[in-house]
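Chains A and B supply the protein sequences, listed in that same order. In terms of this note's numbering, the first sequence opens at residue 1 and continues consecutively. In terms of this note's numbering, the second sequence opens at residue 1 and continues consecutively. Backbone N, C-alpha and C fix where the C-beta goes; we use that ideal spot for every residue, glycine too. Predicted, not measured: the structure shown is a model, and the values here were computed from it.
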Amino acid sequence: MLALSFSLCRKELAVGQVSITVNGAEHILELEPRELLVYVLRERLGLTGTNVGCDTSSCGACTVLLDGESVKSCTLLGVQVDGHEITTIEGLATNGTMHPVQEAFHEQHGLQCGYCTPGFIMAAVSLLDETPNPSEEEIRHALEGNLCRCTGYQNIVRAVQAAAGVEV
Amino acid sequence: MSEATVPKLELGRVGESLPRVDGIPKVTGEFAYSSDLQAAGMLWGHTVRSPHAHARVGTIDISAAVGMPGVHAVLTHEDIPGEKRYGLEFQDQPVLAYERVRYFGEPVALVAAEHPEQARRAAERIRVEYEPLEPLVDPERATEAEPLHPDRPTMGHGYRDDPRPNIVRSLVIRQGDPAAEGDVAVSGVYEIGIQDQAFLGPESGLAVPDGEGGVDVYVATQWLHVDRDQVAPCLNLKPEQVRIHLAGVGGAFGGREDLSMQIHGALLALHTNRPVKIVYNREESFVGHIHRHPAKIWAEHRASRDGRLVNVRVRILLDGGAYASSSTAVTSNAASFAVGPYAVDNALIESTCVYTNNPPCGAMRGFGAVQVCFAHEAQMDKLAEALDIDPIELRLLNALGPGGSLPTGQTITGTLPVADVIRRAAALDVPEAEELPRDPMRLPGGSGNTTRGEGVRRGVGFAVGFKNIGYSEGFDDYTAARVQLHADGSATVHCAAAEVGQGVANVILQVARTELGVRDVALAPHTTATVDSAGSASASRMTWMVSGAVRDACRAALEEWDKKGRSLEVDVERIYRHPRTTPLDPETGQVTGERAHVAYACAAMRVVAEVDVELGLTRVVWIGTAQDVGHAVNPQAVQGQIEGGTAQGLGLALMEEIQTRDGLITNASFTDYLIPTTLDMPPVVSELIEEAEPDAPYGVKGVGEPPTVVSTPAVVAALRAATGRELSRVPVRPDDIVGL
Ligand code: FES
Ligand code: FES
């Protein structure tokens, strides 16, 4: 998880113009200071793949990448990410080909209702970026901040292993 | 069509591990959950809820809210055009409170505004005059308290009419000689806290007026047609004027069997003539749906010296909370399974569910069987100790099986391989104890780095449990499927079975492909608009019911095609019913026909846990299980159900409990209500016992609930083995282990 530097938070407390690059496209938005990033993505940009499970930074359903590192988008204000790059689940596939982590979640039955899935996939992408060959234990620790109520996590862990190229 | 003429398919028939049909949209983020829906001109609804667990409601002054910016409607009970109450079994729950509120968070008024924030602000301006009343929060005092429902909506429905106040249902099952003595007796009192389904996608939906007085509701639910049948009378509409469509569901586990926003959204939409969306946040979700019944269970087991059960006496008290929901069926399930999957000639079981001002309770995975399994498995371990018999041997000695009978007098006519699941689970290799010292992350307490392992003890626990499949006691339980065969050889299946994550969409398609012999089968949207009811996505029933309905509809469609010629379209709908059940005798609790339950499924589980006995911290190290699954339609999905269901039972054993004070929920968030994470839940080694169920299509059974039933007692048995403590209440708290 990325710890945001304080400078990111020093933003004027009025409706402000921000520029956010989301999935490679730049958006200039007029945002109220109270708007959470997750709602900027969902309501303003229509990117509803990022889900809300708790609003209190406990479930990880809203996980996205901020400059390549996973972050819970309900813990950030939209104005805090001015000038930064966000990747959501919708931005993972390239030219219609799914990201290997997406493929692996599908093939390893890493989801049931799927509500947690975009968050898990984004957290796993961030993990594999930093640690390309994680042990099972490292995977479990890295995903501890994401809740899943359906799967019991076994196939989620297996999906991440498969995406990392481990025989499962 | 004979077997030989079915073209060989690459993938996708009954028995194959086919990836989820909704898997790709779910991993790409395209899948539309109910919270993702949008419509042009859409308003946002908000629900005003009671801050009291029990109060008289005086005047509701909405004047300050009505004129606020963006506000289009403010509604109270006076604006309900039809029935003012609804309910799954009894109409005892107000759509919007009038006269009284009976639980914390009960809906009182509704607002629709252009922005959700405007709706919330307007809601704060509504003035409700409450006169707080003493809340009834102790279920043991319920039958002596003033009635919460003076008009007694639960009386006169064919159950035993208990004259005491605040009874939702009481059931007595009497078999043989309830005074029969054994050589040895053990007894205990067990308590189960309130568990929440905690599905990850909070309640949400969109109601859209059709311009002709009717309404379409797109919602995450479990039972489309019974939603419709509850919504329509409150709106004073005909059933066909209300169409319920399944929107993407973020988990259910019983918690979506009752209505949430359906009537409220429809009322606002019809009132404003605009689409209205309602999305609960997590806090509202915790107060906005029913929970698993908390229970207190008194049990006494008598056995002969050689270990045979002679007499089992159990008293069960379930707290139903403020409204009945599906409590009558939970009461009966708890009674039916109170002895566990064991044979006994003499039994006296009393199961009672009462109304209180605690949070309303209803369906949750395991439905009554969870609570009693915790008690009967603790009792079996106690008995093994008293008799000095190996606990697994004792279970084998008493194991129920086909031909045996339940305390209700029902003979097991289908499969029930209890001895088999016990043997197979007991034969699984338990891992060696890990050496000390070791990485603190692999100790109870984990990253808390609280110990070097001095106080860590290891225990191995075992449990067996079972549960019914399908609806019971004479309920007309059916599922419809409609199959269209197109001239190009492809097919479309309509079925209102709610895909809640369990994988029923795959079952529908796999059955259709098996029967039709074509791969190109599309699944139409799940809706009340195009097909009859599929019944509820609950009671581990959907796989069985949908398999029957889709099979029958496919076969009928092929016959039709053979008659008419294959260049024509055919479109047929068929209804499938499982073998009939009959009610239990209201006085004796004995079956009045061949069966009160349709069929059963069982599971056994072995758990290794480590406990820091000085700090009260726990770590579940290993779980192995054997489950009776019938013929597995999709083995990979079955394993997934076992793993997920086990995690929920582990949660109840170790951490999950809704906390209340004077009826008010005090932990309505994922910061305070904890569910297992990747670090709490070890992998599950599971063995599938595939015995074909004779009454079921393709020999299938339901698989979702047995793992949840059996994992709570198995985990707690491991903790008992590690600590030597009685641990008679779940969730087990650190204090219970340390015993300060
Ligand atoms: S919605 Fe952001 S962590 Fe749960
Ligand atoms: S798949 Fe349902 S919450 Fe994870």
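| Query | Result |
| --- | --- |
| Find the nearest neighbour of Met68(B) within the set Arg580(B), Glu124(B) and Ala32(B), judged by alpha-carbon distance. | Glu124(B) |
| Give, in chain order, every residue of the segment 56-69 of chain A whose Cβ lies closer than 8 angstroms to some Cβ of chain B. | Thr56, Ser58, Cys59 and Ala61 |
| Using a Cβ cut-off of 9 angstroms, which residues of the segment 7-36 of chain B contact any Cβ in chain A, in chain order? | Ser17, Pro19, Arg20, Asp22, Gly23, Ile24, Pro25, Lys26, Val27, Thr28, Gly29, Glu30, Phe31, Ala32, Tyr33, Ser35 and Asp36 |
| Any chance the CB of Gly251(B) is under 7 angstroms from a heavy atom of ligand 2? | yes |
| Under 8 angstroms between C-beta atoms, does Cys150(A) make it to chain B? | yes |
| Using three-state DSSP, classify Leu443(B) as helix, strand or coil. | coil |
| Taking the Cβ atom as the reference point for each residue, do Gly288(B) and Ile278(B) lie within a distance shorter than 8 angstroms? | no |
| So, using beta-carbon positions, are Asn468(B) and Tyr576(B) closer together than 8 angstroms? | no |
| Using a Cβ-Cβ cut-off of 7 angstroms (strictly less than) and excluding sequence neighbours within five positions of Glu300(B), which residues of its own chain qualify? | Ala185, Ser187 and Arg313 |
| List in chain order: all unbroken alpha helix (DSSP H) runs of 4+ residues lying wholly within the segment 4-71 of chain A. | none |
| Compare the C-beta of Gln627(B) with all C-beta atoms of chain A and state if any pair is closer than 8 angstroms. | no |
| Taking 8 angstroms as the threshold (beta carbon to beta carbon), is His15(A) in contact with chain B? | Residue identity check: residue 15(A) is Val in the sequence provided, not His. Val15(A) does not count as touching chain B. |
| Between the alpha carbons of Val190(B) and Arg729(B), how many angstroms are there, rounded? | Before going further, note that residue 190(B) is Tyr rather than Val in the sequence given. The alpha-carbon atoms of Tyr190(B) and Arg729(B) are separated by roughly 6 angstroms. |
| Out of Gly461(B), Ala252(B), Val504(B) and Leu309(B), which one is the CA nearest neighbour of Ser285(B)? | Ala252(B) |
| So if DSSP puts Ile244(B) in a beta bridge, which residue, or which two residues, is it bridged to? | Val217(B) |
| Quick check: does the Cβ of Cys54(A) come within less than 7 angstroms of any heavy atom belonging to ligand 1? | yes |
| Provide the residue span of the alpha helix (DSSP H) that contains Ser332(B), from first to last. | Ser327 to Ser336 |
| If you draw a straight line from the C-alpha of Asn155(A) to the C-alpha of Arg149(A), how long is it? | 13 angstroms |
| Just by C-beta distance, which residues in the segment 676-688 of chain B are closer than 7 angstroms to chain A? | Thr677, Thr678, Leu679, Met681, Pro683 and Val684 |
| Can you tell me whether DSSP reads Thr5(B) as helix, strand or coil? | With a pLDDT of 38 at Thr5(B), under the threshold of 50, the predicted position of this residue should be treated as unreliable, though the coordinate-derived value follows. Looking at Thr5(B) - three-state DSSP - the assignment turns out to be helix. |
| What is the rounded straight-line gap between the Cα of His699(B) and the Cα of Ala232(B)? | Residue 699(B) is actually Gly in this sequence, not His. Distance between the alpha carbons of Gly699(B) and Ala232(B): 37 angstroms. |
| Which of the three DSSP states is assigned to Gly630(B) in this structure? | strand |
| Nearest-angstrom Cα distance between Ala93(A) and Val22(A)? | 14 angstroms |
| Just checking: is the beta-carbon of Thr723(B) within a distance shorter than 8 angstroms of some beta-carbon in chain A? | no |
| Between Gly465(B), Ser325(B), Val629(B) and Cys373(B), which lies nearest to Cys353(B) when the distance is taken from Cα to Cα? | Ser325(B) |
| Compile a chain-ordered list of the residues in the segment 92-108 of chain A whose CB is closer than 7 angstroms to at least one CB of chain B. | Ala93, Met98, Gln102, Phe105, His106 and Glu107 |
| Work out the CA separation of His291(B) and Asp216(B) for me, nearest whole Å. | 27 angstroms |
| Once the 5 residues before and after Ala303(B) are set aside, which same chain residues still bring their CB inside 6 angstroms of it? | Gly182, Val184, Leu309, Val310 and Leu383 |
| According to the neighbour-count rule (16 or more other Cβ atoms, all chains shown, within 10 Å of its Cβ), is Met155(B) buried or exposed? | exposed |
| Helix, strand or coil for Tyr600(B)? Go by DSSP, reduced to three states. | strand |
| What did DSSP end up calling Asn468(B) once you bin it into helix, strand or coil? | strand |
| Using a Cβ cut-off of 8 angstroms (strictly closer), state whether Gly114(A) contacts chain B. | yes |
| Looking at chain B, which residues of the segment 74-87 of chain A have a Cβ within less than 9 angstroms of any of its Cβ atoms? | none |
| Who pairs with Ala303(B) in a beta bridge, going by DSSP? | Val184(B) and Leu309(B) |
| What three-state label does DSSP hand Leu2(A) in the structure shown? | Note on Leu2(A): pLDDT 43, under 50, position unreliable in the model; no value is reported. |
| Around the Cβ of Ala4(B), are there at least 16 other Cβ atoms within 10 angstroms (buried) or fewer (exposed)? | Interpretation of Ala4(B) is limited by its pLDDT of 35, a score under 50 that renders its predicted location unreliable; the figure taken from the coordinates is listed afterwards. Exposed, since its Cβ has fewer than 16 Cβ neighbours within 10 Å. |
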